[in-house]
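S.K.: Note that the protein sequences, when read in sequence, are chains A and B.
Going by my numbering, the first sequence opens with residue 42, and the numbers climb by one from there.
Going by my numbering, the second sequence opens with residue 7, and the numbers climb by one from there.
For each residue, glycine too, the CB sits at the ideal point set by N, CA and C.
In this text the structure is predicted, and so the values were computed from the model without any measurement.
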Amino acid sequence: MMRQEYWTLMDPCCDYCLHSWDNPCAKYVVCRVRGPFCHKSVECREKRQRRVKEVLYGSQGVRINIGASSCGLAAGAEKVIEAVKDGLRSMGVEAEISAVGCLGLCFMEPFIEIRSEDGPSPIYGHVSPENVGDILAKYFEEGSVDGAFAIRRRTGRFKDEERVPLLDELDVWRKQVKWVSRNCGVINPESIEEYIVTGGYEGLSRALTMKPEEVIEEIRLAGLRGRGGAGFPTWLKWKICREQSSEEKYVICNADEGDPGAFMNRLLAESDPHRVLEGLIIAGYAIGASQGVIFVRAEKPLMAARLEKAVEDARRWGLLGENILGSGFSFDVRVMRSAGAFVCGEETAMIAAIEGRRAMPRQRPPYPASKGLWDKPTVVNNVETLAHVATIMAHGWREFAKYGTERSKGTKMFCVTGGVKRTGAFEVPIGTTIRALVYDIAGGPREGRMIKAVQIGGPSGGCLPERLFDLPIDYESLQEAGAIMGSGGLVVIDDTNCMVDVARYFTSFTLAESCGKCIPCRVGTKALYDRLSAIVEGMGSQEDLQLLEEIGMMMKEAALCALGGTAPNPILSSLRYFRDEYEAHILEKKCPAKVCSRLVTYAINQELCVKCGLCAKSCPVGAIVKTADGHFTVDESKCIRCGTCVITCPRGAVEKR
Amino acid sequence: MSRRISSGNIIESLQNVQEKHGFLPRDSLIKLSQDTRIPLSRIFGVATFYHQFRLEPPGRVTIAVCMGTACHLRGNAENYEFLKRFLSIGPGRSTSDDGLFSLEKARCFGCCSLAPVVKIGDMLIGKATPRELQRAISRIREEILREEAARETRG
Ligand SMILES: Cc1cc2nc3c(=O)[nH]c(=O)nc-3n(C[C@H](O)[C@H](O)[C@H](O)COP(=O)(O)O)c2cc1C
Ligand code: SF4
Ligand code: SF4
Ligand code: FES
């Protein structure tokens, strides 16, 4: 083990500690916080407790958390960190600055939280280098939490505490259950010590004292089903794999998150990577594998880096490698970066990619559980599924099964984006209604807008109209209504969006991502796309609608993998619920939402126009002309509907009609 | 770690080549084929299958327009069309004529709450509009040209 200047919880407390590489102690993990167990020493105990406090609140007793996962960084967290440092320096205040993950409250990134053991822990949103000085001065110099989005508790010692809401009182928080995302935005994801302090690797420690069959039984009792989309019972997959006689077995963590518009896996793995890794190790133990692979999406480099760091640290402290915690179980993990292709998320395609081939799915059965990576029995599990495994093993199946419905237990993370006030990633019990998620938690429509539908499950899912928002979100109810729970992407569609355009968008996605192996998908997605394109360009006919349905049904039956098999869902569901919008495009040649550019006309609002003439100059076909009385008008016969004038006009006077 | 997983994976070899050159030069692919005894056709098959790999050298600055769902709904298709026109990138091409910019489509940066998102170089622009993009690109172009001019005068 490497020498370090200061003592961390991961190090042995004194010479009496018997834990070593050659002879690992089974209680190593639990001993870090609650020990020592093997020798009596007040000093060693106090040393631990002091360090735990230091980890939680910094050596000065105050810690400033700054959300620095991909979304926080994109919103400018790095500059905020610098500004916080400057602010503290100029006030002469000493506090620990810690880059944490994401709270899931993306609508208010970047955020900071000022934590101390007995303080109110105010959380501030939309923090910028400009306003952070003010926030810090108010807190440290005036003792006020003014300007905070919320505080975690009322202490009575800070000014303005009454005026700031408690986090637990806000709908956006109160209606969530932070089970698997409990550490997200709270701990520093790059510190294994912080994970240990919050109870990390206790699930693994417990699992290793049980028989693999008992671990599988615990997961069965919990009722955990796969969070990657299909909802297959996790224990059953494990059991089938465990029963295979092969010496060599593999377990793969599916971190390919391909739904374009969902990021709950990224958020979880970036904010709490050890939880995912711990679940993977437990899965390996349960099925009898000695190797794991984490397959990460290329577009999410920070997620890969954080998982790599977690693997490295776990290895360094003996939580990966030979004879883990003296159990005799050996396991190692490798992180592989995908080269990008949506179909890689499909398990057999992913296996092909790991073997270095083009990611093309193959016929199942045989399922990977009997014939997977290098033809050996392999379990593929989603990031969130594995994080649930670790949490269940630490807290027991009963705690998990408290939430959810009869057939689908526990919680699920959802990404809510699109036309709502509060976009973000929220964790709710399975069975929560769409309405509660979209209106209570995400805050409902944006100012002046109207929500018309949600699209659940990305390109494989379907849309559901507003009147069905009281449906509970679980695997079965949504399927009956023509959508799927999927991996948890939920896009809110409002009156500025066109349903036909949305369907065409998803079809363009599946068309581009079809691997081309089977004809129903390769040709089917193209045929669907061509029909939809005709419709949005005003050249569709009623027969096209029938054709869309026929091709769609054919693909559902005949495609080799679920990419092709679910590709028609966005179309079929919007045809079911929003047929009138299709018909408006076909019969009236109108796009009701004014999105489809071929079906809108451009006109100049003379009341707003200041007659600067810029639009006329910018128009590539000279369709904007000055009339004799000095007005500018659009000549519809020339206009090619490129929209350049809309962008050019400084007054917003060019309107779509 | 077993050698089976860590070696012989052409995807990772190609990732390394691209890391080094910014794209996959023909000669490197031929050399890789000779070194690994994997047929060139298979290597080419893999290289063209995955989005990450580029067979054409990229421009000095890469502009990636997010084509994820949230960004689409908030109008990134318009931004993309605008950029294509503004950078005068012809059909089937991805690099502007002056070789300064290459334009690509990306699949969700995972920052959907900032939609629509465009990434210019390492800089993410949230809530992007054509006007803002125009400004950012003009600024970068000027910077590059100024740098080049300075280098030339220095000789
Ligand atoms: C086209 C396609 C894309 C998929 N993408 C993902 C993905 O991004 N993440 C994921 O976990 N599962 C994805 N899946 C599902 C996987 O094939 C597999 O069912 C899942 O990883 C199993 O894990 P679970 O049982 O823990 O859910 C995808 C399936 C298909 C057909
Ligand atoms: S359904 Fe599509 S993605 Fe799946 S195997 Fe067939 S062609 Fe490939
Ligand atoms: S650019 Fe706008 S303000 Fe100027 S002439 Fe055209 S419509 Fe009028
Ligand atoms: S859809 Fe563009 S960042 Fe997610």
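To the nearest angstrom, how far is the alpha carbon of residue 623 (chain A) from that of residue 651 (chain A)?
M.R.: 37 Å
S.K.: Quick check: is the beta carbon of residue 688 (chain A) nearer than 9 Å to any beta carbon in chain B?
M.R.: yes
S.K.: Please look up how many angstroms separate the CB atoms of residue 381 (chain A) and residue 340 (chain A), rounded, as I've assumed it's under 8 Å.
M.R.: 6 Å
S.K.: Using alpha carbons as the reference points, say which of A:606, A:536, A:468 lies closest to residue 634 (chain A).
M.R.: A:536
S.K.: Please check if any C-beta of chain B sits within less than 9 Å of the C-beta of residue 550 (chain A).
M.R.: So yes, residue 550 (chain A) belongs to the interface.
S.K.: Does chain B have any CB closer than 9 Å to the CB of residue 341 (chain A)?
M.R.: yes
S.K.: With a threshold of 9 Å between beta-carbons, can residue 484 (chain A) be considered close to chain B, or not?
M.R.: Output row for residue 484 (chain A): interface = no.
S.K.: Helix, strand or coil: how does DSSP classify residue 73 (chain B) here?
M.R.: Of the three classes helix, strand and coil, the one that applies to residue 73 (chain B) here is coil, per DSSP.
S.K.: Among all the DSSP beta bridges, which residues are the ones paired with residue 129 (chain B)?
M.R.: B:126
S.K.: Establish whether the CB of residue 296 (chain A) and some CB of chain B are separated by less than 9 Å.
M.R.: no
S.K.: What residues in the segment 133-159 of chain A bring their beta carbon closer than 8 Å to a beta carbon of chain B?
M.R.: 147, 148, 150
S.K.: Which one or two residues does DSSP pair with residue 535 (chain A) in a beta bridge?
M.R.: A:492
S.K.: Could you check whether residue 94 (chain A) and residue 48 (chain A) sit closer than 9 Å to each other, using their CB atoms as the reference points?
M.R.: Not in contact: residue 48 (chain A) and residue 94 (chain A) (Cβ atoms no closer than 9 Å).
S.K.: Using DSSP bridges, identify the partner residues of residue 373 (chain A).
M.R.: A:332
S.K.: Should residue 90 (chain A) be labelled buried (16 or more other beta-carbon atoms within 10 Å of its own) or exposed?
M.R.: By the 16-neighbour rule on beta-carbons within 10 angstroms, residue 90 (chain A) is exposed.
S.K.: Taking C-beta to C-beta, are residue 455 (chain A) and residue 440 (chain A) nearer than 9 Å?
M.R.: It is not a contact, given that the beta carbons lie outside the stated cut-off.
S.K.: Specify, as a first and last residue, the run of the beta strand (DSSP E) that residue 454 (chain A) falls within.
M.R.: 452-459
S.K.: Is there a C-beta anywhere in chain A that falls below 9 Å from the one on residue 29 (chain B)?
M.R.: no
S.K.: Do three or more CB pairs link the segment 408-428 of chain A to the segment 278-292 of chain A at distances below 8 Å?
M.R.: yes
S.K.: Under 9 Å between C-beta atoms, does residue 38 (chain B) make it to chain A?
M.R.: By this cut-off, residue 38 (chain B) is not an interface position.
S.K.: CB of residue 121 (chain B) to nearest heavy atom of ligand 4: below 8 Å?
M.R.: yes
S.K.: If we require 4 or more residues per run, which alpha helix (DSSP H) segments fall completely within the segment 619-654 of chain A?
M.R.: Qualifying alpha helix (DSSP H) stretches, in chain order: 620-628.
S.K.: Any idea what DSSP makes of residue 449 (chain A), helix, strand or coil?
M.R.: coil
S.K.: Are the Cβ atoms of residue 133 (chain B) and residue 121 (chain B) separated by less than 9 Å?
M.R.: yes
S.K.: Could you spell out where the alpha helix (DSSP H) holding residue 244 (chain A) opens and where it closes?
M.R.: Per DSSP, residue 244 (chain A) belongs to the alpha helix (DSSP H) from 243-250.
S.K.: How would you list, in chain order, the residues of chain B whose beta-carbon sits under 9 Å from the beta-carbon of residue 532 (chain A)?
M.R.: Ordered by position in chain B, the residues that pass the 9 Å Cβ test against residue 532 (chain A) are 75, 76, 79, 118.
S.K.: What do you get for residue 202 (chain A), buried or exposed, if any count of 16 or more other CB atoms within 10 angstroms of its CB means buried?
M.R.: Buried is the call here.
S.K.: Between residue 328 (chain A) and the rest of its own chain, which residues show a CB-CB distance below 8 Å, the 5 nearest in sequence each way excluded?
M.R.: 253, 279, 282, 283, 290, 292, 418, 420
S.K.: Within the present structure, is the beta-carbon of residue 515 (chain A) separated from the nearest heavy atom of ligand 1 by less than 8 Å?
M.R.: no
S.K.: Using a Cβ-Cβ distance cut-off of 9 Å, determine whether residue 86 (chain B) contacts chain A.
M.R.: no
S.K.: Sort A:542, A:532, A:648 by Cα distance to residue 302 (chain A) and report the nearest one.
M.R.: A:532
S.K.: Examine chain B for any beta-carbon lying closer than 9 Å to the beta-carbon of residue 509 (chain A), and answer yes or no.
M.R.: no
S.K.: Please report the straight-line C-alpha distance between residue 112 (chain A) and residue 678 (chain A), rounded to a whole angstrom.
M.R.: 45 Å
S.K.: So what does residue 291 (chain A) bridge to, in DSSP terms?
M.R.: A:332, A:419
S.K.: Assess contact between the segment 663-683 of chain A and the segment 568-587 of chain A, defined as three or more Cβ pairs (one per stretch) separated by less than 8 Å. Is contact present?
M.R.: no
S.K.: In terms of residue numbering, what span does the beta strand (DSSP E) encompassing residue 111 (chain B) cover?
M.R.: In the DSSP assignment, residue 111 (chain B) falls within the unbroken beta strand (DSSP E) covering 107-112.
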